[in-house]
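S.K.: Residue numbers (my numbering), protein chains in the order written: chain R, 10 to 464; chain F, 10 to 464.
Positions of the beta carbon are idealized from the N, C-alpha and C atoms, including for glycine.
If you're wondering where the values come from, they're calculated on a predicted model, not measured in any experiment.
1) Do residue 180(F) and residue 256(F) have their beta-carbon atoms positioned less than 9 Å apart in this structure?
2) Looking only at its own chain, which residues have a Cβ that is under 6 Å from the Cβ of residue 218(R), when we skip the five neighbours before and after it?
3) Would you check if there are 3 or more beta carbon pairs closer than 8 Å linking the stretch 185-202 of chain F to the stretch 345-365 of chain F?
4) Return the Cβ separation of residue 126(R) and residue 103(R) in integer angstroms, given the expectation that the two are a contact with Cβ distance under 8 Å.
5) Verify the CB distance criterion: does residue 290(F) have a CB-CB separation below 9 Å to chain R?
6) Just to make sure I have the definition right: I need the residues of chain R whose C-beta is within less than 7 Å of the C-beta of residue 341(F). Which are they?
7) Can you tell me the Cα-Cα spacing of residue 90(F) and residue 400(F), whole angstroms?
8) If you follow the alpha helix (DSSP H) that residue 360(F) is part of, which residue opens it and which one closes it?
9) Just to confirm, is the Cβ distance from residue 28(R) to residue 391(R) under 9 Å?
10) How should residue 52(F) be labelled, buried or exposed, when 16 other C-beta atoms within 10 angstroms of its C-beta is the threshold for buried?
11) State yes or no: is the C-beta of residue 344(F) within less than 9 Å of the C-beta of residue 394(F)?
12) Alpha carbon to alpha carbon, how far is residue 225(R) from residue 170(R)?
13) Quick one: is residue 198(F) near chain R, going by C-beta distance under 9 Å?
14) Give the residues from the stretch 260-286 of chain R that approach chain F closer than 8 Å (Cβ to any Cβ), ordered along the chain.
15) Does the pairing of the stretch 288-295 of chain R with the stretch 335-353 of chain R give three or more beta-carbon distances under 8 Å?
16) So, helix, strand or coil for residue 324(F), using DSSP?
17) With 7 Å as the C-beta to C-beta threshold (strictly closer), list the residues of the stretch 216-245 of chain R near chain F in chain order.
18) Hey, quick one: how far does the beta strand (DSSP E) through residue 254(R) stretch, first residue to last?
19) Which runs of the beta strand (DSSP E) at least 3 residues long sit entirely within the stretch 103-189 of chain R? Give them in chain order.
20) Only counting the same chain, and skipping five residues up and downstream in sequence, which positions put a Cβ closer than 8 Å to that of residue 251(F)?
21) Alpha carbon to alpha carbon, what distance is there between residue 249(R) and residue 326(F)?
22) Are residue 433(R) and residue 112(R) closer than 9 Å when you measure CB to CB?
23) Could you tell me whether the Cβ atoms of residue 385(F) and residue 439(F) are closer together than 9 Å?
24) Could you check whether the stretch 443-450 of chain R touches the stretch 373-388 of chain R, counting it as contact only if at least three pairs of C-beta atoms, one from each stretch, sit closer than 8 Å?
25) Within the same chain, show all residues whose beta-carbon is closer than 6 Å to that of residue 3(R), passing over the 5 residues directly before and after it, in chain order.
26) Answer with yes or no whether the minimum CB distance from residue 208(R) to chain F is below 9 Å.
27) Does any C-beta atom of chain R lie closer than 9 Å to the C-beta of residue 297(F)?
28) Would you report the Cα separation of residue 266(F) and residue 409(F), rounded to the nearest angstrom?
29) Is it buried or exposed, residue 431(F), if we count other Cβ atoms within 10 angstroms and call 16 or more buried?
30) Take the Cβ of residue 213(R) as the centre, count every other Cβ of all protein chains shown within 10 Å, and call the residue buried at 16 or more, exposed below.
31) Output the distance between the C-alpha atoms of residue 243(R) and residue 253(R), rounded to the nearest integer angstrom.
32) Give the straight-line distance between the Cα atoms of residue 268(F) and residue 93(R), rounded to the nearest whole angstrom.
33) Please list, in chain order, all residues of the same chain as residue 24(F) whose beta carbon is under 7 Å from its beta carbon, the five residues on each side excluded.
34) Answer yes or no: do residue 140(F) and residue 373(F) have a C-beta to C-beta separation smaller than 9 Å?
35) Residue 300(F) touches chain R at which residues, Cβ-Cβ below 7 Å?
36) Can you grab the Cα-Cα spacing for the pair residue 63(R) / residue 416(R), in whole Å?
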């Protein structure tokens, strides 16, 4: 009887457990779920019988090594910074490993040893990174295998609220870590390349430099640039591609309104405000506006950012209760970003019956047999409920599928890997289709950015 | 015969040398100027005969200690980060020391030892910090000695071009380190307090939150917030003051145009652009604008920042040759800030005959005998030429005066000091008047920020 150990009983783990348990009898393996929180792990194991629970403090070396050496494969669902200790034990005890996180420098450094030992450490096998890698590489490799030359790759992913649960003016709710949403885009300019020209967008312009995308049945979205597009040139083998652009999806109009927070300074997470425990939402807003005791906070904000009275941005701000003088931030020594997060969580937290949605959009421009063409490939995945969210499914399923295929020796490529190789992405994408995670492709003429060619 | 050692032959050193040499015969001391650059230090000594030149590498401990132990007082005109090594030697060999830089944590840490040895380490005795401390504390102490209660302290300083040399649309030229001008305001929100309310301005709004100030004979200026106003509460003993605001002065209209650079991301110094050696000024601008090959850089910029065709901002940008496709940045791996600095230096470098100007404006609001009053205190100092600039004079003279008074035992307060004590600022401000560095005061009714009280 083989054993898979899952470390970390977080949000994405439910879908992963459900998938693996569904396979455990036929495929003849046991499942152990480990977490430092006894209550959480026992509840999780109970919900997913017959998985067994293990209370595990990963900073206790003895406990950790004992847990790892007795199993056949380890899935780390911990926050990314904790993977490395697990990874070192997996090297030591010759265990395969799976994570949904970006390959860190420390993980990369294990690469040679992992390869020599014939182990597979599969990383970046969630949704983004994960499904984006696999679905993009499948199309890119298909184009190249026919002799095509890649001209353009644009890729956008968004974690959003499903249309049936979309009931606020922002068309947005938190479907993953709210803090990451509030500080998204900070820490450096977005850099990408379009038809050979490098472009840079600083944080203060990021939310004003969107582009629109249309998905049949789901309508329009807006894409805003991620910071790290150019890193994908080497990962995908697209060193000479003239256009490479990666981004995040929101519903149209989100970014223009979010820019109000950016401009006022409300998303800053680098310093603490004074007296935030007793600070009202209204005072929070006022602290970023000029001092002028005879003018209202509303008027000062409108004037500062030149928001007309009939601009929909205004209704979005009012909907958040931003000018409420009774509601308190209620956090000691909060940064602006923490205070803003508190305000947003009042309104943007998923209700028990709410469903989320993952949307992915790739554009591939290429030249084949003297003709320029473009393939647009889209994927929409809807959540079932608050436990089996689209986020949990699109992260947990590829992790689970990869783990099982590694356990069964169907994937045996050794090394510290991303799922960018056909022997990895083909079977996993195929299996994901069984869970209705599938891409729709349309092929059309490649028009690039030259509006003279636009129909 | 006593000896003063000046380490660092930078821009501000000329005025300092001229002042000290003028006193050396009567006051019976010798002057040594030391720098690691032999050519610079020998030229400087020749210009300021009979000062003697010393080629000194401050990282050579033996050389440094030898230089310091043989003199009576050390003036460090080095960049601020280098003072600490000098300071430690001064402690070791019981020498007094003077710098124009902010007291660093390392310098502060020497405080007890310096005090115990009865030494005086005078810091922050240039213009800003320096003359600002002295002129402000003189008025604040005067108000408090009469039993007045401080209600407001606002203080602004600017290094600008003198009216007679003011020949560009920005009304600005570089009168000190251009790099510091380009990156000014970065690294955190400006924080201050107005009538008891804390206010925060993020970098992306800094240049749109100015206030106007008028100086007789010199016209209007605009003030923009410095980052660190609140630190002055403890330094000046103004812990409970309801309004405290420090800022930088520019001519009206500068900030609105500078904001174009901020918004585009041109002042970012945290990452390097691609291919900057061959990049034209026009390409530099274009790299921050959307890719759209059928639209001009000009049109894209106007649209992005909504600049009307008759807006004076536009003429300011054109004056800088920002859209020139022939001129090259010509720097390898330049950051946006370095590239922008190159463009600005073409136009904003002082010509040999140009004169600079230092402007300082303090507002003191206070309540005395049941009446609310305000004192406005202004100082304008004009440069003589490119060597004896207003900047060099207003930094070098207080340094020199302080050094001489310490040498003569007229200032003997021990410790790591700022010039905020009457026994320090009174004689120095008096001496500065002899060089036409003087403040004009006007007293009026205190109106605070309540427009209902405005006449």
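M.R.: Answer, in terms of the structure:
1) no
2) 210
3) yes
4) 6 Å
5) no
6) Correct list: empty, because the minimum Cβ distance to chain R is about 15 Å.
7) 20 Å
8) Here residue 360(F) belongs to no alpha helix (DSSP H), and DSSP marks it neither H nor E.
9) no
10) exposed
11) no
12) 17 Å
13) yes
14) 271, 272, 273, 274, 277, 279, 280, 282, 283, 284
15) yes
16) helix
17) 218
18) 252-260
19) 105-108, 129-131, 158-170
20) 160, 161, 202, 203, 204, 205
21) 34 Å
22) no
23) no
24) yes
25) Nothing in the structure corresponds to residue 3(R), since chain R is present only between 10 and 464.
26) yes
27) yes
28) 38 Å
29) exposed
30) buried
31) 12 Å
32) 44 Å
33) 397, 401, 402, 405, 406
34) no
35) 203, 204, 206, 208, 458
36) 21 Å
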